[in-house]
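K.L.:
My structure is below; once you've seen it, I'll send some questions.
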Amino acid sequence: MRAMDLKSENRTSPMGLDEKNPRLSWRLDDPRCGARQTAYRLVVASTLEKLTGKPDLWDTGRVNGDRTLDVVYAGKALKSRQDVWWRVQAWDHEGLAGEWSDPAHFVMGYLKPSDWKAQWIGRPLDSREESQPCPFLRHEFQLPADAVRARVHVTARGLFELRLDGRRVGEDYFTPGWTDYSKRVQYLVYDVTSDLKAGLHALGVILGDGWYAGHLGFKGERFQYGDTLSLLLQLDVDLADGTSRTILSGPDWRTILGPIRSSDIYHGEHYDARLEMPGWDRPEYDDSVWQPVTVFPASRAALVAKVNEPVRRQEELATREQTEPVFGVHVFDLGQNMVGWARIKIRGRPGQKVTMRYAEMLNADGTVYTANLRGAKGTDSYICRSEGEEVFEPHFTFHGFRYVELTGLREKPVPEDVTGIVLHSGMPATGAFECSDPLVNRLQQNIVWGQKGNFLEVPTDCPQRDERLGWTGDAQVFIRTACFNRDVESFFEKWCADVADSQLSSGSFPHVVPDVLGGQGDCAAWADAGVICPWTVYLCYGDTRILERQYDSMRRFVEWRCKTSRGYIHDRACFGDWLSIDIAENDPGRTPTPRDLIATAYFAHTAGILSRVAAILGRKADARKYREIQRKVKAAFNREFVSPSGRVVGDTQTGYLLALGFDLLSKRHQAHALERLVADIEGRGWKLSTGFVGTPLLAPVLTRFGRMDVAYRLLMQQEYPSWLYTVLQGGTTMWERWNSYTKHGGFGDVNMNSFNHYAYGAIGEWMYNTVAGIDLDPAEPGYKHILIHPRPGGGLTWVRGELMTRQGVVTSRWALVDGMMEVQVTIPPNTRATVVLPGRKPVKVAAGRYEYRVKLGR
Ligand code: RAM
């Protein structure tokens, strides 16, 4: 048995932690059946030599037990900038000591505000007019000896690109990321030791508006957080001669406006290559025409080490088809609705301007459909500097698109001139789902692409129009699916902190996080994200720290509900069952499911979650209190919304789904509610009518109450409205509306119509946990105890599900062969599972690989 895949604060070798007691986790490499850890020893040292010799920071000694996750560091106090090495040894189920793991490494950030000596620098805004060129900043410094350790700590109010001696530092984009900059600004740490030899060096930085100062929100506003971009940078260098140097951002830096004439997340980037300054980021560049920088005051915002994996380039898409629908207008189809930008190759003349527009769909005449971008210009342009081939990629904007339109070219381009560069936050792939139906497989791909496109720093609703905001409701309904597809633990840890930062003074949560809509909030199913998201992270990854951190904000939220309800009935649900079928014209939040029903159902649901969280954290009185509140809300729900026979007011699918899914009904009423729900689905020709609130509950509730056949019917439905209808219309991502595009009605309401919106992708969770049958047990979260219960149906003949949990890989595969269901299951080391197959008694198993053959009933 050997420990592997060592993670510090859920990340591999993180640079810059300001958590003084980081959580240390590992997995076990042991293929034996029943493999289980019975003890571990973890050692921590300040150097690699000490780690294998005499560990000087922490030695746990032998600790009995099977714990492998989130061991909280409790050794000598860690210091700012400290290098930390650790490794672990595990004892197996036979009591045998395994070999030591490979060493893991992490680096502490600045632990005290006074560690920061650098000053915020930039240049004053020339005017508050729309297009401001991006400031370039530079500074040269001399080192008398080679560096033996050099780390740069850097952040910006705005976005930054950091360069050293002509090269980009790091592979991250959209740094420092998006937080409420008035409260928390994240910094990044990069190791530049090998770049710094004795001699002269140059640091160069480009600043972009980003979320800080660019357009944000749908009223066309700018300057959400400030109007002046600035940089904070501190480079600590230990030299081979035993001395050290610190290079700081300060008044001795110089600045100029460069070739990026404007760059805005919504509107795109305009680049004039004639204004390039070759060598500006290298030493000995003549910067005599540059101006001195201005020093700006620090704000009261806390500087914190970045918690989530930064955005990076993730993949490239080649052009699939190139057309010229109008003379001189060239359209490139990348075959996939994606998020990022296009790399363009241009052969032009000095001064020639080429324009790129980005679109998700095409008009009937083959031109790009951009009406749904609303106020977002989504346009880049490039002015050539030479006669030769030039290559352009923007810096501080991103687009949501499948098609790229090029105009202003001198000669006909070739497909290779356009390549899609996909960017999103780091989130390693963890799940795979595949089955015998190609349309369902495309749906799964669409869900994954919806996640890739909208997990760029914060979970956004859409990536293309003048919105791209962290809508809480969307995140809440999709998070469970997201946790299957990808490792999103650090992504959501960071965003949950944003949620707590954004909590309104009333205790409620805003519609979007970070809150850029000026405190609008209180909406049921949206605000509830503040409770549901931390809870889901806990369930999927098993760590209680997120619950501890978020507890206060969760409690304040439920207290707000208590205070603002009348007789335990709550009524704030302004978005209703958003975008359900039968929405009122011109008011997509006025839906047939009554708003107070939705709000009261969610009141009971999140009070119940809070009670469970309190119990887990050992807050017994709170656990009792919120359980009691949940009971009272349920009673009120029944009084107000449930008829004596069990009919739920509104008689909508979503009403029944909430009542059943959140356990609000008595046993007697459940049967009737289920009947009404199924009757409504059947009456519509086996079709759904649900919006953002009801849709995620459809398949899970139908399955739980014994009508999985109906859940499968809805999944396999090919007529409008359904998941596969969108697939059959050529969708390559999830869409905002069931009717974002229909054969009968064409494009949906242009005022709000995104073709990359993950909310309806929440069906993914059921595909993994029911169709493939990989599920967790809330009593032993993080897949410590795994539930395997694959449930065939829908005409599928085989399914393959796989999930990389924090413990290791779980697989569940099944195939129907000659009336038999053949099942293959893999259970990772150090876990247990309960396997429930159709018509069989549950079987308890330990780590290992198992095969079963089950005769299926009728
Ligand atoms: C629109 C989007 C978003 C939704 C809000 C209520 O902005 O559809 O996804 O959450 O409305």
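Residue 183 is where the sequence shown starts when you use the working numbering, and the numbers rise one by one after that. By construction, the Cβ of each residue, glycine as well, lies at the ideal position given by its N, Cα and C atoms.
1. Where does A1015 fall in DSSP's three states?
2. I'd like to know whether the C-beta atoms of T1016 and Q1006 end up nearer to each other than 8 Å.
3. Return the residue from the list G976, I970 and M1002 that minimises the CA-CA distance to K1023.
4. If distances are taken between C-alpha atoms only, which option among N938, W917 and P882 comes closest to V953?
5. By alpha-carbon positions, which one of A805, K236 and A256 ends up nearest to R205?
6. Tell me the rounded alpha-carbon separation between G359 and V486.
7. Look at the alpha carbon of G517 and the alpha carbon of G602, and state the distance between them as a whole number of angstroms.
8. In angstroms with no decimal places, state the Cα-to-Cα distance between I1081 and L415.
9. Going by DSSP in three states, A679 sits in which element: helix, strand or coil?
10. Using a Cβ-Cβ cutoff of less than 7 Å, which residues in the same chain neighbour E947 once the five nearest sequence positions on both sides are dropped?
11. CA-CA distance, D778 and V713?
12. Does D759 pass the burial test, meaning 16 or more other C-beta atoms within 10 Å, or should it be called exposed?
13. Got a sec: does ligand 2 put a non-hydrogen atom nearer than 7 Å to the Cβ of A766?
14. Could you round the C-beta distance between P433 and V477 to whole angstroms and report it? I think they count as a contact, below 8 Å.
15. Residues in the same chain with beta-carbon distance under 8 Å from R350, minus the five sequence neighbours each way, listed in chain order, please.
16. Identify, in the order they occur along the chain, each residue of the same chain with its Cβ nearer than 7 Å to the Cβ of L651, setting aside the five sequence neighbours on each side.
17. Going by the C-beta, is D423 closer than 7 Å to any heavy atom of ligand 1?
18. Round the Cβ separation of A227 and W273 to the nearest angstrom and send it over; I've been treating them as touching at under 8 Å.
19. Check whether the Cβ atoms of Q301 and D308 lie closer than 8 Å to each other.
20. By Cβ distance below 7 Å, which residues in the same chain neighbour P237 in space, the five residues on each side in sequence not counted?
21. In this structure, does DSSP put K527 in helix, strand or coil?
22. What are the boundary residues of the beta strand (DSSP E) that includes P716?
23. Please return the same chain residues whose Cβ sits closer than 6 Å to the Cβ of H335, not counting the five positions on each side in sequence.
24. Using the three-state DSSP reduction, which class does F673 fall into: helix, strand or coil?
25. Would you kindly check if the distance between the Cβ of M609 and the Cβ of D656 is under 8 Å?
26. For V270, collect the residues of the same chain with a Cβ closer than 8 Å to its Cβ; drop the 5 residues on either side in sequence, then sort them by chain order.
27. Of the choices V511, L239, G790 and M1002, whose alpha-carbon is the least far from that of R737?
28. By Cβ distance, which residues of its chain are closer than 7 Å to F323, with the 5 residues on each side in sequence left out?
29. Contact defined as beta carbons within less than 8 Å: I believe T410 pairs with P532. What is the distance between those atoms, to the nearest angstrom?
30. Please identify the residue among Y1034, P963, G990 and Q702 whose C-alpha is closest to the C-alpha of R218.
31. Report all residues from its chain with a CB closer than 8 Å to the CB of Y453; omit the five preceding and five following residues, and keep chain order.
32. Whole angstroms is fine: what's the gap from G381's alpha carbon to A484's?
33. For my contact list, V604 and M520 are in at a C-beta cut-off of 8 Å; report their separation, rounded to the angstrom.
34. Which residue or residues does DSSP assign as beta-bridge partners of T537?
35. So the candidates are A783, E864 and G522; which of them puts its Cα closest to the Cα of G632?
36. Please classify P816 as buried or exposed, where buried requires at least 16 other C-beta atoms within 10 Å of its C-beta.
P.N.:
On the basis of the supplied data:
1. Of the three classes helix, strand and coil, the one that applies to A1015 here is strand, per DSSP.
2. A distance of 8 Å or more separates the beta carbons of T1016 and Q1006.
3. The shortest C-alpha separation from K1023 is found at I970.
4. The candidate whose alpha carbon is nearest that of V953 is P882.
5. In terms of CA proximity to R205, A256 leads the group A805, K236 and A256.
6. Straight through space, the alpha carbons of V486 and G359 are spaced by roughly 12 Å.
7. Between G517 and G602, the C-alpha separation is close to 10 Å.
8. The chain is shown from 183 up to 1040; residue 1081 falls before or after that span and cannot be answered.
9. If DSSP states are grouped into helix, strand and coil, A679 belongs with the helices.
10. Hits under 7 Å: R662, T663 and F666.
11. When rounded, the distance between both Cα atoms is 19 Å.
12. Buried: at least 16 other Cβ atoms inside 10 Å.
13. Of the ligands one can find in the structure shown, namely ligand 1, none is ligand 2.
14. About 5 Å separates the two Cβ atoms, so the contact holds.
15. Closer than 8 Å at the Cβ level, and outside the excluded window around R350, lie E343 and L344.
16. These residues qualify, in order along the chain: T642, D643, V694 and V698.
17. Outside the cutoff, so no.
18. Cβ atoms of A227 and W273 stay farther apart than 8 Å, at about 21 Å.
19. Q301 places its beta carbon 8 Å or farther from that of D308.
20. The residues are V225, V226 and A227.
21. Note: K527 maps to strand in three-state DSSP.
22. Run containing P716: none in the beta strand (DSSP E); it sits in the alpha helix (DSSP H), A711 to Y723.
23. Answer for H335: Y369, V371 and Q416, listed in chain order.
24. Looking at F673 - three-state DSSP - the assignment turns out to be helix.
25. The Cβ atoms of D656 and M609 lie no closer than 8 Å to each other.
26. Excluding positions up to five away in sequence, the list reads A185, L188, L206, W208, Y222, R223, L224, V225, W282 and S283.
27. Closest option to R737, judged by alpha-carbon separation, among V511, L239, G790 and M1002: G790.
28. Hits under 7 Å: H383 and I429.
29. With a Cβ gap of about 33 Å, T410 and P532 do not count as contacting.
30. Nearest to R218 by alpha-carbon distance, out of Y1034, P963, G990 and Q702, is G990.
31. Excluding residues up to 5 positions away in sequence, P441, I442, R443, D562, S563, Y564, I565, F574 and P576 lie with their Cβ nearer than 8 Å to the Cβ of Y453 in the same chain.
32. As the crow flies, the alpha-carbon of G381 is around 35 Å from that of A484.
33. Contact between V604 and M520 holds, with the beta-carbon distance rounding to 5 Å and staying under 8 Å.
34. DSSP, once it has assigned bridges, lists S563 and T589 as partnering T537.
35. That would be G522, whose Cα lies nearest to the Cα of G632.
36. According to the sequence as given, residue 816 is Lys; it is not Pro. With 16 or more other Cβ atoms within 10 Å, it is buried.
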